[in-house]
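Q: My structure is below; once you've seen it, I'll send some questions.
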Amino acid sequence: MMEQDLDGIGLSADALAALREFALERGITVEDDDESFDIRKEVQTALEEEKGPNEDKFTYSFGDDISIQLNGLRRDIGQTLNSTGLTLWRAGDFLSDFMFKHPHLFAGKRALEDGDDESMVLLEENCKLNGLDTDVCCQKLLWGEDLTPETQGTYDVLIGADIIYEKDYVGPLFATASHFLARSSDANIFYLAYTKRNVSIDYVLARVITKVVVRLMFNRCVACAVGTTRGPAYDPALVDRRFFNWTDTTPIAQIPQVQSTYGYIEGVYPIMNDHRVAMGESTCAAKFVSKPVSGGGRARLDIVELGRLALERTTCARDAIALMGGMAETHGYYGSFWGTPSAFENAGEALTITDPTEAWMLHMLPDDTGASAIWVAQRVHDNHVAAVANRFVIREINFTDTDHFMASANVLDIAKRHGFWDGVAPFDFTDAYAGPPDMTLSSSLRVGRVLSLANKDVNVDTFADTTLFFSAKADTLLTVQDVMRFQRDHYEGTKFDLTKGPASGPYGDPNRYEIADADVGTGHFERAIGIYEATYTFVSVLDATNRHNDHICRFGPYSPDSTIYTPVYALATAIPATLRHGSLREFDMHSAFWINALIGNYASKWYAFAHPVVSACQIQTETHALERT
């Protein structure tokens, strides 16, 4: 630390007493009755006269058996008279003694030690002086600022001693500590030795520490995580125990929590936060599988937890992608149905991630170690439409075009190592990492149909092409009603129209039940966009030009052709009871899901006659809601 000029600094009674004691120790005559006598200048002069070189060599002992030689800063160099007094604080002493008495906490660990620049350089020299084969790197780190995704490095232990002198630095210090701990794969610790100096710092430190809590990671289960660590909707008191004895969901891992998080809406998957970041999800087949730590594997995060983290901590699509990618690489990603014959079919995930100005597609799968992840993201052009339907759709990646592409650093190396790419041909992410295509056309048909609804020049005959282009330019600016219509589609008017033909029955029922996997080769039905199995669908409305309605999710429980899309405000303090209440095991007329299911079940049996009535009601109700929001 640098010395400071003492001119103009007011002294408390305690500080003045300390200066008097310091002066008397050095033989300075203190003249209290002389108004021209300035004890501060006398002490400053004495310090300059005895200062000499900034460094001392001395021997320091740890316990009874260890004695090492050190280069150190002189006592007067390590203090500022106006704020910390004249005594060398013992926090470093205390932490060193603690480390000596508890070596198992630090053995083999990679540590980040925070300190001032001069002492950190001496630390590097001291390691060499004592013949320690230790890799020490000293570099500048600005607390609270060097927190971008580019800040590299993971650490097992963070160490700091006597580094808090001003209350304004407490928050940035802990923000930096939380950032580096969050990048680590284990539940690690920040060891901070602190000398109590004044009430203001003590108060701020205590307040910040109470906020530095862990963020629990949960495994995906049939229902959402049950417990008291989240919102009131997940309280154990609300669980229906007549069919299963639900208990609090046990977390499988934890990471440091940030000081504040954003509110968000979620269903089975996260949907939208109160900073206008929204996402949709589609499970995809992939070539690698992994297991969570709770199942004997090495991964800690699935796509649900990654999405939650993104909506809790980010305010734009790019940041959400960077956070999820970094978290998955650091903590490991695993897909659903791990440990079953369907593991490969469900190992990958695709997310659509949007904010008011940008739309992105993210693909992710486990890496070949089971402890990290491979991922890529592509931005959708502003006047284009893209879709994903349980199969990756991102093809060639322009790694130099950072405005439209983001990817993990391992995406090429792993593909080449496993023979998924020869290193010569243009790299195709889907060819390299997607699982084998289904025997049905369920993926390419749905994607192609969406693109053809947005662009009339997309030919229906191209739907069977599994190499369909990533996106298509929309003929006109699409409305919320257009997207709702897309989600209710059954290929009407095409050769794949599910409301036509013998399988639709006498009344044009578009619903088709799945058949056994063993029978797919002898015949099957294609999957519609609007499917009766849907738990819910939604349209996120993110209008950057209209602050009144740019936080709305048009949410529709049950099948999209039978639902009413209801506006839900992301900034609301509570979700309407009809949307958040209900059990799949009991019919309930107070639940929107069951009301829509009742309508859908009846209407589908006489679809040709009943659905036009349902459609007219949908249009009238949804248009009225749009006009009022």
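Numbered as in the numbering used here, the sequence shown ends at 695 without a single skipped number. A virtual CB, placed ideally from N, CA and C, is assigned to each residue, including glycine.
Taking 6 angstroms as the limit between beta carbons, can you name the residues of its chain near A259, skipping five residues before and five after?
A: A157, F160, L161 and A227
Q: In angstroms, rounded to a whole number, what distance separates the CA positions of S348 and A416?
A: 5 angstroms
Q: Count the other CB atoms, across all protein chains shown, that sit within 10 Å of the CB of A386; report buried if there are 16 or more and exposed otherwise.
A: buried
Q: Rounded to the nearest angstrom, how far is the Cβ of S474 from that of A439, given a contact under 8 angstroms?
A: 7 angstroms
Q: According to DSSP, is P432 part of a helix, a strand, or is it coil?
A: strand
Q: Taking 9 angstroms as the threshold (C-beta atoms), are A344 and S13 in contact?
A: The chain is shown only over 67 to 695; residue 13 falls outside these bounds and no answer can be derived.
Q: Taking the straight line between their C-alpha atoms, what separation do you get for E424 and S537?
A: 14 angstroms
Q: Using 8 angstroms as the threshold, is the segment 642-655 in touch with the segment 677-695, meaning 3 or more CB pairs across them?
A: no
Q: G414 to P432, Cα distance in whole Å?
A: 7 angstroms
Q: Are D548 and R515 close, meaning C-beta to C-beta below 9 angstroms?
A: no
Q: By Cβ distance below 6 angstroms, which residues in the same chain neighbour F458 in space, the five residues on each side in sequence not counted?
A: C350, H429, T496 and A500
Q: Taking the Cβ atom as the reference point for each residue, do G391 and W312 lie within a distance shorter than 9 angstroms?
A: no
Q: Report the rounded CA-to-CA distance for L372 versus L389, giving the unit in angstroms.
A: 8 angstroms
Q: If you pair each beta-carbon of the segment 319-326 with each one of the segment 617-628, do three or more pairs fall below 8 angstroms?
A: Put simply, the segment 319-326 does not touch the segment 617-628. Fewer than three CB pairs are less than 8 angstroms apart.
Q: So, for S570: in the same chain, excluding its five sequence neighbours on each side, which residues have a beta-carbon less than 8 angstroms away from its beta-carbon?
A: L564, P576 and Y673
Q: Does DSSP classify I225 as helix, strand or coil?
A: strand
Q: Counting only C-beta atoms, is S628 closer than 9 angstroms to chain C at any point?
A: Protein chains in the displayed structure number just one, and chain C is not present.
Q: I'd like the span of the beta strand (DSSP E) that includes C350, first residue to last.
A: A344 to C350 is the span of the beta strand (DSSP E), which, as asked, contains C350.
Q: Bridge partners of L178, per DSSP?
A: L178 pairs with L224.
Q: I94 lies in the alpha helix (DSSP H); which residues open and close that run?
A: No alpha helix (DSSP H) contains I94, which DSSP labels as neither H nor E.
Q: Can you give me the Cβ contacts of G333 inside the same chain, cut-off strictly under 6 angstroms, excluding the 5 residues immediately before and after it?
A: Y602
Q: Roughly how many angstroms lie between the CA atoms of Q205 and V370, to the nearest whole one?
A: 37 angstroms
Q: Where do the ends of the alpha helix (DSSP H) carrying P336 lie?
A: No alpha helix (DSSP H) contains P336, which is instead part of the beta strand (DSSP E) from P336 to N339.
Q: Classify T315 as buried or exposed, calling it buried when 16 or more other Cβ atoms lie within 10 Å of its own Cβ.
A: buried
Q: So, at 8 angstroms on beta carbons, what are the nonlocal neighbours of E592 in its own chain, with the 5 sequence-adjacent residues on each side left out?
A: T506, L507, S508, L511, Y557, F562, L564 and R578
Q: Can you give me the C-alpha to C-alpha distance between G401 and E378, rounded to a whole angstrom?
A: 21 angstroms
Q: If you reduce the DSSP assignment to three classes, tell me which class D301 lands in.
A: coil
Q: Hey, quick one: how far does the beta strand (DSSP E) through K539 stretch, first residue to last?
A: S537 to K539
Q: Using only alpha-carbon positions, find the residue among P317, I595 and S326 that is nearest to P51.
A: Since the first residue shown for the chain is 67 and the last is 695, residue 51 is missing from the structure and cannot be characterised.
Q: Using beta-carbon positions only, say whether T632 and A658 come within less than 9 angstroms of one another.
A: yes
Q: Compute the Euclidean distance between the alpha carbons of V39 and E191, then round it to the nearest angstrom.
A: There is no way to answer for residue 39, as the model of the chain reaches only from 67 to 695.
Q: Per the DSSP calculation, G622 is bridged to which residue(s)?
A: T603
Q: Measure the CB-CB distance between G362 and G398 and report whether it falls below 9 angstroms.
A: no
Q: Can you tell me the Cβ-Cβ gap for A177 and V223, rounded? I've got them flagged as a contact below 8 angstroms.
A: 5 angstroms
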